[in-house]
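Heads up, the thing below is written out as structure tokens.
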Amino acid sequence: MKAAGFISLWTLVSLPCGQLANPAEHEDVVKHAIKLHRGKGAVIAQRKQWVLESCRKLSGLLRQKNVVLNKLKNAIRAVEKDAGLSDEEKLFQVHTFEIFQKELNESENSVFQAIHGLQRALQGDYKDVVNMKESSRQRLEALREAAIKEEMEYVELLAAEKHQVEALKNMQHQNKSLSMLDEILEDVRKAADRLEEEIEEHAFDDNKSVRGANFEAVLRVEEDEANSKRNASKREVEDDLGLSMLIDSQNNQYILTKPRDSTIPRADHHFIKDIVTIGMLSLPCGWLCTTIGLPTMFGYIICGVLLGPSGLNSIKSIVQVETLGEFGVFFTLFLVGLEFSPERLRKVWKISLQGPCYMTVLMIAFGLLWGHLLQIRPTQSVFISTCLSLSSTPLVSRFLAGSVRGDKEGDIDYSSVLLGMLVMQDVQLGLFIAVMPTLIQAGVSTYSSIFKEILRILILIGQILFSLAAAFLICLVIKTYLMGPYYRKLHAESKGNKEILVLGITAFIFLMLTITELLDVSMELGCFLAGALISSQGHMVTEEIMSCIEPIRDFLAIIFFASIGLHVFPTFVIYELTVLLFLTLSVVIMKFVLAVLVLSLILPKTSQYIKWIVSAGLAQVSEFSFVLGSRARRAGIISREVYLLILSVTTLSLLLAPALWRAAIMKCVPRPERRSST
């Protein structure tokens, strides 16, 4: 307790005096405190007197604390040796003593942490914002840890209270004879306590020391109700169930995913309300689009816009809605594969493999050229080009849904080429996501390490090609040995009960999805391959399964397209309408021209006429650019402005897609086939 301790303790006592000063005197108070810390401006006798009194008081408190700790230790040993106490009473008393010990130690630590913080603040320059920011950050961390410790102590007090209740019950049971029913209930209570202890995971204690875990302050918000009394009673219930919403300092909102007590069933009422609202509003929006001649999917997107952040902002569980919507993509691609037999796949596999690769390379080349002219970083140019090179598989699948395409002998069906290229683009999506960490490193790397990054990209491409070969080999084995017996078994078990058939087909879709995910290619490819494998069993099988799966697909597709609308911001589009229209038309025209050029080189001469339809189907931008854009924005590859431009261009290109598709159909498809294709 020398000079440093004296200054810190003096500051601790004199701090309230400084807080009482008016704003004009704050700077003088700070300067005076720094002079005192450096030993200037204070009378030596006064300093010695203050040090003696302060140290005497602090030393007395510390000695008293040590005496109390020793008494508590002796009390714990006495309780443990007391044979007259029951196990519940011993547990309660020992738990209470241990909590008091921890409270004393934490109080002592808090005193010295405060002294250390004041000393660190006085040693720095009070005009240095960086130093003040660092001090504030350290205080914030200390407060977070203190809050966590206090929360844990409160939980321990609740546990001690529970032990006290158990001890009282045990004493009451010893003083009176129990009936048979009371004995049974007591056994059930003990079994329930053991069950809670077995299933409780202690996730907080297990993860708080994990690398990357941070303590953060959150707000707990209950849902507003018109009736305050109903709100109060509901709040008490939700406080026990943990169904309220948490909001952190970054405005991220969280809901319960796994409760502490798994014996009580729970439901996320926010998510239920969101799905109900989307389902009800999608109907009039779909009707409106049908009336004016637009595809119903745009009505579902409008529904998402109206309910999303740019509209009524009534959707609370945005992430959960988007996750459910992904199943709409899975089932859509399964039905696409169901119409895409292996024979058609063998007929166009070279075109499907070469076309998307050539288009992506050309898009990246043009992107780098424009990026060089506009002085955009190469990493941004590459990423934006790859985003814009993708096309929407669900959208084109809706265009082709239900169409009957009878081709001339020797010709290639335009739908086969189009769907094959789109599925290959979905495979490229997995490659883009895998390469994204390399783009992040390339943004900060020197030219000496660029060659290593190029080598890493080539290795990733090799891994993707190996995974594709393995996936198709697995499909060959399943088609040859397993698919026939599996479907015959399902068909036999599902007579009079379509539930088994639907469940069996869904399980097969998820199996193929899991296989392709484990092979590090897109899950969408697994869904497509599942449909193609089932279609190999014949036309009757395809019709039966399609009649069962289509209603599921239609409902989930509504959720998917509505989730796209959640990321459409009409106000931003209106503010920058001229720029966005120019960018959208440029992208659509460029993709159309590049697709025509590539298809002119790889299509047979007898099938050159389909290049216009296929190019029209590829001219829009995929909704998966939302996924890539969000990841790139979080990683710092693109800025907020570029991200919003990508979202807006994608949305406008999807809106233009039906008009371009109809124009291509009117020009190239014969009249008998035109009705079913549009």
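With mature numbering (1 follows the signal peptide of the UniProt record, and there is no 0) applied, the sequence shown corresponds to residues -20 to -1, 1 to 658, in that order. In this text, a Cβ means the ideal position worked out from N, Cα and C, and glycines have one as well.
Do residue j and residue i count as a contact pair if the criterion is CB distance below 9 Å?
i: P638; j: P275; result: yes
i: L354; j: I529; result: no
i: T327; j: I392; result: The question names Thr, but residue 327 is Lys in the sequence shown. Yes. Within cutoff.
i: L287; j: I295; result: yes
i: A644; j: S580; result: no
i: L546; j: I298; result: yes
i: E556; j: S633; result: no
i: L368; j: V553; result: no
i: G464; j: Q517; result: yes
i: I258; j: V301; result: yes
i: L608; j: L348; result: no
i: F540; j: F251; result: no
i: G506; j: L318; result: no
i: E133; j: E86; result: yes
i: L84; j: Q73; result: no
i: I626; j: I617; result: no
i: F606; j: S290; result: no
i: I590; j: Y394; result: yes
i: Y467; j: I514; result: yes
i: K45; j: E60; result: no
i: M401; j: P358; result: no
i: L636; j: V568; result: yes
i: E603; j: T630; result: yes
i: I480; j: I525; result: no
i: L236; j: D248; result: yes
i: A127; j: S90; result: no
i: T373; j: E504; result: yes
Bridge partners of residue i, per DSSP?
i: V198; result: D228
i: Y394; result: Answer is none; Y394 lacks a bridge partner.
i: Q233; result: I227
Under the assumption that residue i contacts residue j (Cβ atoms under 8 Å), give the Cβ distance between them as a whole number of angstroms.
i: L313; j: F508; result: 5 Å
i: Q405; j: S365; result: Q405 to S365, Cβ: 14 Å. No contact.
i: L495; j: I454; result: Inspection of the sequence shows that residue 495 is occupied by Ile rather than by Leu. Right, the Cβ-Cβ distance comes to about 6 Å (below 8 Å), so this counts as a contact.
i: A542; j: C283; result: 5 Å
i: M343; j: V578; result: With a Cβ gap of about 11 Å, M343 and V578 do not count as contacting.
i: L483; j: F310; result: Wrong, their Cβ atoms sit about 15 Å apart, outside the cutoff.
i: A451; j: V501; result: 6 Å
i: V397; j: I331; result: 6 Å
i: A612; j: F363; result: 6 Å
i: V201; j: I227; result: 6 Å
i: F562; j: A599; result: 16 Å between Cβ atoms; not a contact.
i: W592; j: F379; result: With a Cβ gap of about 14 Å, W592 and F379 do not count as contacting.
Can a CB atom of chain B be found closer than 9 Å to the CB of residue i?
i: L370; result: Annotation note: the requested chain B is absent from the structure, which comprises a single protein chain.
The region 107 to 117 touching the region 42 to 53, judged by at least three CB pairs closer than 8 Å:
no
Starting from the N-terminal side, write out each stretch of the alpha helix (DSSP H) that is 4 residues or longer and does not extend beyond the region 432 to 460.
none
Determine, using beta-carbon pairs with one atom in the region 66 to 86 and one in the region 33 to 42, whether at least three such pairs fall under 8 Å.
no
Is it true that the region 256 to 265 meets the region 279 to 286, where meeting means three or more beta-carbon pairs spaced less than 8 Å apart?
Contact holds: three or more Cβ-Cβ distances are below 8 Å.
Can you check the region 463 to 518 for any alpha helix (DSSP H) of at least 4 residues that lies completely inside it and give the ranges in chain order?
463 to 473, 478 to 498 and 503 to 515
Whole alpha helix (DSSP H) runs in the region 522 to 574 with 4 or more residues, listed along the chain?
550 to 555
Hey, which unbroken runs of the alpha helix (DSSP H) at 4 residues or more fall wholly within the region 271 to 317?
Within the region 271 to 317, the complete alpha helix (DSSP H) runs of at least 4 residues are 276 to 287.
What are the complete alpha helix (DSSP H) segments, minimum 4 residues, inside the region 21 to 87?
24 to 61
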